[in-house]
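Student: Just so we're on the same page, the working numbering is the position in the sequence shown counted from 1, plus 13. Glycine is no exception: its CB is placed at the ideal position from the N, C-alpha and C atoms. Computed from a prediction, not measured in an experiment: that's the story for all the values here. Questions regarding the structure given below will be posed in turn.
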Amino acid sequence: MTERLIDTNVLVYAYDLSETIKNPIARDILAEIWKNGGGVVCVQNLMEFFVVMTRKVTSPIEVAEARSIIEDMAKSDSWRLIDRDIHTFLEAIDLVSHYHVHIWDATIAACMKEHGIIDIVTEDNADFDKIPGINVIVPFQHTALS
């Protein structure tokens, strides 16, 4: 199974029931990973997921539920967690400088490159498309406007 990083927005859509169009698509992506593996997330993605799902969505989930979801991913062989260090951060700064992208996306991209991950599943292709060596997969392109 080819590994692919699942960006925060896809993780959120998979658990945010108010996203009636994007939720089933994102849930299918995660279900396939839970079954067959190949999912990758940065610790940064999980931190963002926690904040969005417990505070920013229409119907936030309980902190304990968010923790359980994150812990299940961390313990599962279906998912690989990757993280950054100072070297990753410095690489991200270089990406910001060269490609004029946001530091948060640059950090994810630098982390992906460090760990040999080429594919990212995301709705946010504007920054990732600018970075060479990153293949952007946008699963919601053929959905109705939401």
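For V109, which of D90, A122, A44, V56 has the nearest alpha-carbon?
Tutor: A122
Student: Do the stretch 133-143 and the stretch 74-94 meet, that is, are 3 or more Cβ pairs less than 8 Å apart?
Tutor: no
Student: Which two residues bound the contiguous beta strand (DSSP E) that contains L18?
Tutor: That run of the beta strand (DSSP E) goes 17-19.
Student: Please list the segments of the beta strand (DSSP E) lying wholly inside the stretch 35-110, counting only runs of 3 or more residues, in order along the chain.
Tutor: 52-55, 92-95
Student: How far does the alpha helix (DSSP H) with I116 in it reach, from first residue to last?
Tutor: 116-127
Student: Spatial neighbours of N22 within its chain, please: CB distance less than 7 Å, with the 5 preceding and 5 following residues excluded, ordered by chain position.
Tutor: Closer than 7 Å at the Cβ level, and outside the excluded window around N22, lie T135, E136, D137.
Student: Thinking C-beta only, is M66 closer than 7 Å to Y26?
Tutor: no
Student: How many angstroms separate the CA atom of A79 from the CA atom of E104?
Tutor: Rounded to the nearest angstrom, the two C-alpha atoms are 30 Å apart.
Student: Going by DSSP, what residues sit across from D132 in a beta bridge?
Tutor: R17, N148
Student: Between which two residues does the alpha helix (DSSP H) holding D140 run?
Tutor: 138-141
Student: Whole angstroms are fine: how far does the CA of I82 sit from the CA of S91?
Tutor: 13 Å
Student: If I'm right that V53 touches I130 with Cβ under 8 Å, what's the distance once you round it to whole angstroms?
Tutor: 5 Å
Student: So which of G146, I34, C124 has the shortest CA-CA distance to V56?
Tutor: C124
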